[in-house]
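In mature numbering (1 follows the signal peptide of the UniProt record, and there is no 0), the protein residues as written are -24 to -1, 1 to 939.
The structure is reproduced here in structure tokens:
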């Protein structure tokens, strides 16, 4: 970096600390040797958090408090580092470059470094950005490039190195052919490799002097698409403007590397025939040829066909190695297309090479063929060969004609042509044997049994070509068409093939399959259908399709397409793409949500780096979500997704690592929320458990039906005075505690802190009092538990209520939390009922006591029952259970029958509850019901109110809950 002139010291320090070199990307340790671990350094600059293209210039933005420094001009320049070109930021002070002014009172205009005379607006140094082509013009000028990689094309690009020969280059007889497409500043590359050529370890793009402009490590396994098609696919993203110029001028080369001394190199050339390519072939030396003459030879064929009224074929050839040493001019070659399983020649033509080259030669053949031969071509039954006319047995190249070498996928969004909630997606591609593999996903038509068909929409009439309905199961159709002919492939290549889903009820979804390049995200099994969250029928209705993949550098790539949004006359619609990951489908669980990108338009290609290993694990486990919203959030599309991540990107954790265990708790969502778990303060709790809040030690919490509920600890009234209370209760004790007399006697404070009682998993100091915590009701303020300071026994007696001055049947509780009943203020005579007429039938006291006349073994052997709240009980005995904190539960009756205990709460008719609710609402006493029915009706009313507000919580009450 060069700085000139009077630049202040603080500014000098900040500029010098900017990251001028690109940080190395992490490469997964899949290849052991150090040579293959070289980091991938894209030719671009990082200034702050912004990516700058090679050759670009800008003014330094140092952020607050300095802002944009218009006297500091920066540029991203290429720097040679051994054989590699890397990018660096270079900044300089341009204040001393300001021109001399002739006016007396120059002015400094906003956003300028140099002063200028009034009326002169061109005083500053203009940024040296050359005139650029529009994106459409640039894409047209950078399409249809190809290459042939053979030993003969791999001539060294540096004069100080000898030419490669088969003696030291083990890849000399390897063979590959490639296709290149420029799209949105990216170069997508596709390769076919010969059967004897392994996948390379890395790919390099180099200039004419041999300098490495871009290098990428090749995944040795490949993705789903590459494995199905036998191709090698990838992309060079954000290609700098200077390198695009090299491509345009055909001065860019590509190289495959297996080892440092094992490589193939080829030049990227503009092949005009690629604009109509439908089939490809990679030709290698045939059996029985002269290996000494054919070493390092190969060819590629670009094939297109027409299925019009007069079917025809066009073959364009790029080749080498078919010439004898004395062949210098006008060499005749034979091009032959034949059935490779039968002795049947489709065409045989002679071409002439005017001036043979050792590296590359070109030729083409056009011929009319029959419709039968055209079908054989589409089904991969034909092979092409090119041979020397002088010695066809010694000099001959041969290869099978198959799907074109370009890595491409055909996809579409299925939009409804009527107001509907239905939508869908479809995708298709040709595999290595030429079969058309397809996938269709539909939502909203599950009950309508739709028909799914492929329709040719290229002509005046729509023509149905294939019925995909037999493979449609559960909204998904996946399969392959093994023998697609020209009738199907022609509209597919021309982007005139549509997928139509129609039902007898009038629902209709349609979408035209459009070609898209394959790399990174699309190299997977299937895309994800983004569904709208609103359930209102719309026309056509928003729908989205997104591909995702994780590469060796642990980066998440995504390619998104949207359609069906309402048209607006305003500025382009702005969308946001979010990524959500969560450890579990539990209410209140933490959700990691990050904004991936804000964009305009209806398509997006991007990637995100820096995802944590835990986030990648959740994504691989299928609990990641992608969400697309427009700026107003009126239209939201969302769907879960999963993507395979390399093992080196995933976390490694120990069993005692609590944070990792929580993050790895990947239980699927529960259909019954009553058996789920609760999330509270960074932890998960099982249903029915209780705990003390970590943030508030004076709050008790419990997990009830998937929700964590917390209550503040109420402090009961204690019997001792202030002088008999502990001055500083221990941590975790919220209420006053009476002094332990044993501790006072021994004068040992430490003993006082260690002596105490445990109830329901909670520890209480000796002498402390508390209200029992009974989930899901909460604290029972009508009972007070104490830890006896001497015996350390827990006793929980009920609150002693004063005697009533009125009949017990007309007494009532003023509110639901009241422990004692009280008499009504006025008692109407008409409602006075004697207790004798309404006396409830109660069990004899001795009948509810456990039997002691026989031993426990004798009682159980004759059908008696064990019961945790007493017992044993004789077979057939009935009793009211007694709880330590509540006393006798008179509204519950238990019965022992043949060794099993069944407890039931007293049932009250709905008509009685309605009458009780009506009287309580009017403030009257309730004379027609006992305590059991009054409490039960109140509970039923509260539950009805809660269910109406939360329909998902409705459930049936079991006898176990009542007991």
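We treat Cβ as the ideally placed atom computed from N, Cα and C, and that holds for glycine.
**Asked** How many whole angstroms separate the CB atoms of residue 872 and residue 851, which I take to be in contact at a CB cut-off of 8 Å?
**Response** Stepping through the chain shown from its first residue, residue 872 is reached at position 896. Stepping through the chain shown from its first residue, residue 851 is reached at position 875. Their Cβ separation, rounded to whole angstroms, is 6 Å, which keeps residue 872 and residue 851 in contact under 8 Å.
**Prompt:** Helix, strand or coil for residue 363 per DSSP?
**Reply:** Residue 363 sits at position 387 when you count from the first residue of the chain shown. Residue 363 falls in the strand class under three-state DSSP.
**Prompt:** Buried or exposed: which applies to residue 763, given that a residue is buried once 16 or more other Cβ atoms fall within 10 Å of its Cβ?
**Reply:** One-based indexing of the chain shown puts residue 763 at position 787. It is buried - the Cβ of residue 763 has at least 16 other Cβ atoms within 10 Å.
**Asked** Within the present structure, is the beta-carbon of residue 569 separated from the nearest heavy atom of the ligand SAH by less than 6 Å?
**Response** Among the ligands in the structure shown, none appear at all, so the ligand SAH cannot be discussed.
**Item:** Euclidean distance between Cα positions of residue 50 and residue 218
**Value:** The residue you call residue 50 lines up with position 74 of the chain shown. The residue you call residue 218 lines up with position 242 of the chain shown. Taking the straight line joining both Cα atoms gives about 17 Å.
**Request:** Thinking residue 317 and residue 357 are a contact (beta carbons under 8 Å), I'd like their distance in whole angstroms, please.
**Result:** Your numbering for residue 317 matches position 341 in the chain shown. Your numbering for residue 357 matches position 381 in the chain shown. Going by Cβ atoms, the distance from residue 317 to residue 357 rounds to 7 Å, so yes, they are a contact pair.
**Message:** If you reduce the DSSP assignment to three classes, tell me which class residue 387 lands in.
**Reply:** By one-based count along the chain shown, residue 387 stands at place 411. Three-state DSSP puts residue 387 in a strand.
**Asked** Among 306, 756 and 892, which has the Cα closest to the Cα of residue 330?
**Response** For the purposes of this step, residue 330 is identified with residue 354 of the chain shown, where counting begins at 1. Per the Cα distances, 306.
**Item:** CA nearest to the CA of residue 753, picked from 688, 512 and 430
**Value:** Residue mapping note: residue 753 aligns to position 777 of the chain shown, counting from 1. Nearest of 688, 512 and 430 to residue 753, Cα basis: 688.
**Prompt:** If we call anything under 7 Å between Cβ atoms a contact, is residue 370 one with residue 303?
**Reply:** Mapped onto the chain shown, residue 370 falls at position 394. Mapped onto the chain shown, residue 303 falls at position 327. In this structure, residue 303 does not lie closer than 7 Å to residue 370 by Cβ.
**Request:** For residue 118, collect the residues of the same chain with a Cβ closer than 7 Å to its Cβ; drop the 5 residues on either side in sequence, then sort them by chain order.
**Result:** Numbered from its first residue, the chain shown carries residue 118 at position 142. Result list for residue 118: 158, 220, 223 and 224, in chain order.
**Request:** Rank 429, 913 and 558 by C-alpha distance to the C-alpha of residue 884 and give the top, closest one.
**Result:** What you label residue 884 is simply residue 908 of the chain shown in a count that begins at 1. Among 429, 913 and 558, the Cα nearest to that of residue 884 is on 913.
**Request:** Leaving aside the five residues before and after residue 722 along the sequence, list all residues of the same chain whose C-beta is less than 6 Å from its C-beta, in chain order.
**Result:** As a position in the chain shown, residue 722 is number 746, starting the count at 1. The predicted model places residue 722 with a pLDDT of 45, which falls under 50 and marks its position as unreliable; any figure quoted below should be read in that light. Once the five neighbours on either side are set aside, residue 722 has no close Cβ partner at all.
**Entirely enclosed beta strand (DSSP E) segments - the region 369 to 418, minimum 3 residues** = 372 to 376, 384 to 392 and 399 to 406
**Prompt:** For the region 69 to 83 against the region 38 to 54, are there 3 or more C-beta pairs whose distance is under 8 Å?
**Reply:** yes
**Prompt:** Is the number of C-beta pairs between the region 447 to 462 and the region 402 to 421 that are closer than 8 Å three or more?
**Reply:** yes
**Prompt:** Which partner residues does residue 574 have in the DSSP bridge list?
**Reply:** By one-based count along the chain shown, residue 574 stands at place 598. Note: residue 574 sits in a beta bridge opposite 552.
**Prompt:** Cβ of residue 156 within 7 Å of Cβ of residue 150?
**Reply:** For the purposes of this step, residue 156 is taken as the residue at position 180 of the chain shown. For the purposes of this step, residue 150 is taken as the residue at position 174 of the chain shown. Not in contact: residue 156 and residue 150 (Cβ atoms no closer than 7 Å).
**Request:** Taking only the alpha-carbon atoms, compute the straight-line gap between residue 740 and residue 671 and give it to the nearest angstrom.
**Result:** As a first step, residue 740 is located in the chain shown; it is residue number 764 there, counting from the start. As a first step, residue 671 is located in the chain shown; it is residue number 695 there, counting from the start. For residue 740 and residue 671, the distance between alpha carbons rounds to 19 Å.
**Asked** By DSSP, does residue 155 sit in helix, in strand, or in coil?
**Response** Sequence index remark: in the chain shown, residue 155 carries index 179 (1-based). In this structure, residue 155 counts as strand in the three-state DSSP scheme.
**Request:** Within the same chain, show all residues whose beta-carbon is closer than 8 Å to that of residue 868, passing over the 5 residues directly before and after it, in chain order.
**Result:** The residue given as residue 868 occupies position 892 in the chain shown. Within the same chain, residue 868 has close Cβ partners 856, 857, 879, 880, 881, 882, 938 and 939.
**Asked** Got a sec? Which residues, its chain only, sit under 6 Å from residue 185 by beta carbon, not counting five neighbours each side?
**Response** Counting from one through the chain shown, the residue named residue 185 turns up at place 209. Cβ neighbours of residue 185 beyond the five flanking positions: none.
**Message:** I need the DSSP call for residue 584, collapsed to helix, strand or coil.
**Reply:** Reading the chain shown from its first residue, position 608 is the one you call residue 584. It is a strand residue.
**Message:** Quick check: what's the CA-CA separation for residue 782 versus residue 701?
**Reply:** Taking the first residue of the chain shown as 1, we reach residue 782 at position 806. Taking the first residue of the chain shown as 1, we reach residue 701 at position 725. So the alpha carbons of these two residues sit roughly 40 Å apart.
**Request:** Take residue 478 and list the residues in its own chain whose beta-carbon comes closer than 7 Å to its own, dropping the five residues that flank it on each side.
**Result:** The residue labelled residue 478 in the question sits at position 502 within the chain shown. Excluding positions up to five away in sequence, the list reads 426, 427 and 484.
**contact_flag[the region 224 to 243, the region 506 to 515] where n(CB pairs < 8 Å) is 3 or more** = no
**Asked** How many Å lie between residue 584 and residue 528 at the Cα?
**Response** As a position in the chain shown, residue 584 is number 608, starting the count at 1. As a position in the chain shown, residue 528 is number 552, starting the count at 1. Their Cα atoms are separated by approximately 13 Å.
**Prompt:** Three or more beta-carbon pairs under 8 Å between the region 202 to 218 and the region 254 to 270, yes or no?
**Reply:** no
**Message:** Applying the 10 Å Cβ sphere with the 16-neighbour rule, what's the burial state of residue 39?
**Reply:** In the chain shown, counting from the first residue as 1, residue 39 sits at position 63. Exposed, because fewer than 16 other Cβ atoms sit within 10 Å of the Cβ of residue 39.
**Cutoff 6 Å; reference residue 962; Cβ partners in own chain excluding five residues on either side** = Absent from the structure is residue 962, since the part of the chain shown begins at -24 and ends at 939.
**Message:** Going by DSSP, what residue range makes up the alpha helix (DSSP H) through residue 589?
**Reply:** As a first step, residue 589 is located in the chain shown; it is residue number 613 there, counting from the start. Its alpha helix (DSSP H) spans residues 589 to 596.
**Request:** Measure the CB-CB distance between residue 758 and residue 795 and report whether it falls below 7 Å.
**Result:** Start at 1 with the first residue of the chain shown, and residue 758 comes out as number 782. Start at 1 with the first residue of the chain shown, and residue 795 comes out as number 819. Cβ atoms of residue 758 and residue 795: closer than 7 Å.
**Item:** Where the alpha helix (DSSP H) containing residue 201 begins and where it ends
**Value:** Against the chain shown, residue 201 aligns to sequence position 225. Looking at the DSSP string, the run of the alpha helix (DSSP H) that includes residue 201 is 200 to 205.
**Prompt:** Of the residues 620, 277 and 854, which one's Cα is nearest the Cα of residue 336?
**Reply:** The residue labelled residue 336 in the question sits at position 360 within the chain shown. Minimum Cα distance to residue 336 is reached at 277.
**Item:** Which residues DSSP lists as bridging residue 746, in chain order
**Value:** Taking the chain shown and counting its residues from 1, the one referred to as residue 746 is at position 770. For residue 746, which the question treats as bridged, DSSP gives the partners 761.
**Message:** Mapping the DSSP letters down to three states, classify residue 466 as helix, strand or coil.
**Reply:** As a working mapping, residue 466 is identified with position 490 in the chain shown. In the structure shown, residue 466 sits in a helix (DSSP, three-state: H, G or I).
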